[in-house]
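Okay, so the sequence shown: first residue is 4 according to the numbering used here, each after it adds one. Even glycine gets a Cβ: it sits at the ideal position worked out from N, Cα and C.
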Amino acid sequence: GTTLGASAAEKGRYFGAAVAANKLSDATYVGILNREFNMVTPENEMKWDATEPSQGQFNYTNADRIVSHAQANGMRVRGHALAWHSQQPGWAQNLSGTALRQAMVNHITQVATHYRGKIYAWDVVNEAFADSGGGRRDSNLQRTGNDWIEVAFRTARAADPAAKLCYNDYNTDNWTWEKTQAVYNMVKDFKARGVPIDCVGLQSHFNSGSPYPGNYRTTLQNFAALGVDVQITELDIEGSGTTQATTYGNVVKDCLAVSRCTGITVWGIRDSDSWRASGTPLLFDGNGNKKPAYTAVLDAL
Ligand code: XIL
């Protein structure tokens, strides 16, 4: 193929990008999006603070703009994210206990029902594990009880039975890291007990503190062996030039080597669209030109 999306599709995979609704009026941005990608993730527009700014008052305006754009251009959508400690509305941050648990369940039910049938995969729970120590991250959701994650998955399954339901996290790329092991053990337990989980998302924000690991393919394979799909959900790689390009190519080769690695999403289109305040972690430069990293990805696909 001559584009990322078409080449990935030839291998039975997708190639996606995080999209911001306020950039859908940028012709350069939309031109690249429509040409290269066949999956989109709303970068912020489906998060709790965006979709339920006041309790029980739902606002889907910006998320709907992205979903409509995707549908009109033959792209699928990854929903992101139903339950997360971050980017909660103020009212939820101030809740605890049963009230917060009920608010979470209602939020998941409402949002997943609104988008029922339109979402390829939902990040049902995002970033629930601690960076070290092998345990859960302390958060208001965690303090409602250790079962909050499985309750979130069961609630999402009831609301949209056709969507794949994913657990998504960062620093879960290196097989030897205890955070990776902790997530692996949760997924194994969920599969053993029949908690509905279909996929694991590896964010894969690679930088000097959490570099692309040589055992990345092993991690993908081991998660897939539990009977779930794996997806690379928020890829960006610090650096530039040939070094960055080589790493991007290796990530793609690792995914293609694992039959249940179903697709790759980069967390933005141009370097200037990145959430990283500085650096050049994406596939297109600020002018929308293809970088060496783009060519390495296309060649690997
Ligand atoms: C980031 C967005 O890119 C930023 O625009 C926003 O200010 C903060 O969130 N992990 C995730 C994503 O799961 O939702 C985050 O997105 C990046 C880290």
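ask   = From what residue to what residue does the alpha helix (DSSP H) around Thr250 run?
value = From DSSP, the alpha helix (DSSP H) with Thr250 extends over Gly244 to Leu259.
Would you say Thr6 and Glu39 are within 8 Å of each other, going by their C-beta atoms?
Remark: C-beta atoms of Thr6 and Glu39 approach each other more closely than 8 Å.
Among Gly34, Leu98 and Phe226, which one has its Cα closest to the Cα of His88? Among Gly34, Leu98 and Phe226, the Cα nearest to that of His88 is on Leu98.
Identified DSSP bridge partners for His208
Its beta-bridge partners are Asp239.
**Request:** Pick helix, strand or coil for Asn25, following the three-state DSSP scheme.
**Result:** Correct three-state label for Asn25: helix.
| Apart from the five residues just before and just after Ala11, which ones in its own chain have a Cβ nearer than 6 Å to its Cβ? | Same-chain partners within the cutoff: Tyr17, Phe18 and Leu304.
query = Where DSSP assigns a beta bridge to Val233, which residues make up the other side?
reply = Partner(s): Val203 and Cys264.
Assess, as a yes-or-no matter, whether the stretch 122 to 129 is touched by the stretch 267 to 274 under the definition of 3 or more beta carbon pairs within less than 8 Å.
-> Remark: fewer than three beta-carbon pairs, one from each stretch, lie closer than 8 Å, so the stretch 267 to 274 and the stretch 122 to 129 are not flagged as touching.
- Could you tell me which of Lys294, Ala21, Val198 and Thr31 sits nearest to Trp3, measuring between CA atoms? With the chain represented from 4 up to 304, any question about residue 3 goes unanswered, as that position is not in the structure.
- request: Return the first residue and the last residue of the alpha helix (DSSP H) that Pro295 is part of.
  value: Taken as a continuous stretch (DSSP letters only), the alpha helix (DSSP H) holding Pro295 covers Pro295 to Ala303.
Which ranges does the beta strand (DSSP E) cover as unbroken runs of at least 3 residues, wholly within the stretch 19 to 87, from first to last along the chain? Entirely contained in the stretch 19 to 87, the beta strand (DSSP E) runs reaching 3 residues are, in chain order, 42 to 45 and 79 to 87.
- Query: Which value, in whole angstroms, describes the spacing of the CA atoms of Gly77 and Asn41?
  - Reply: Whole-angstrom Cα-Cα distance: 7 Å.
inquiry  = One question on the structure: do Thr54 and Ala66 come within less than 8 Å of each other, judged by their Cβ atoms?
reply    = The criterion of a C-beta distance shorter than 8 Å is satisfied by Thr54 and Ala66.
Using only the heavy atoms of the ligand XIL, determine whether one of them is closer than 7 Å to the beta carbon of Ala124. No, the beta carbon of Ala124 sits no closer than 7 Å to any heavy atom of the ligand XIL.
ask   = Any idea what DSSP makes of Leu285, helix, strand or coil?
value = Assigned with DSSP and collapsed to three states, Leu285 falls in coil, not helix or strand.
In this structure, does DSSP put Ala280 in helix, strand or coil? Residue state, collapsed to three classes: coil.
Assuming Asn174 is part of the beta strand (DSSP E), what are its boundary residues? Annotation for Asn174: no beta strand (DSSP E) segment contains it, and DSSP assigns it neither H nor E.
In the DSSP assignment, the alpha helix (DSSP H) including Trp94 goes from what residue to what residue?
Its alpha helix (DSSP H) spans residues Gly93 to Gln96.
Item checked: Simplified DSSP state of Ala124, which is helix, strand or coil -> DSSP places Ala124 in the strand class (E or B) of the three-state scheme.
For Val269, does the three-state DSSP call read helix, strand or coil? In the displayed model, Val269 falls within a strand according to three-state DSSP.
Legend entry - Between the CA atoms of Phe193 and Asp276 - distance to the nearest angstrom: Across the structure, Asp276 and Phe193 are spaced so that their CA atoms are roughly 36 Å apart.
### Task
Give the range of the alpha helix (DSSP H) segment to which Trp151 is assigned.
For Trp151, the enclosing alpha helix (DSSP H) starts and ends at Trp151 to Ala162.
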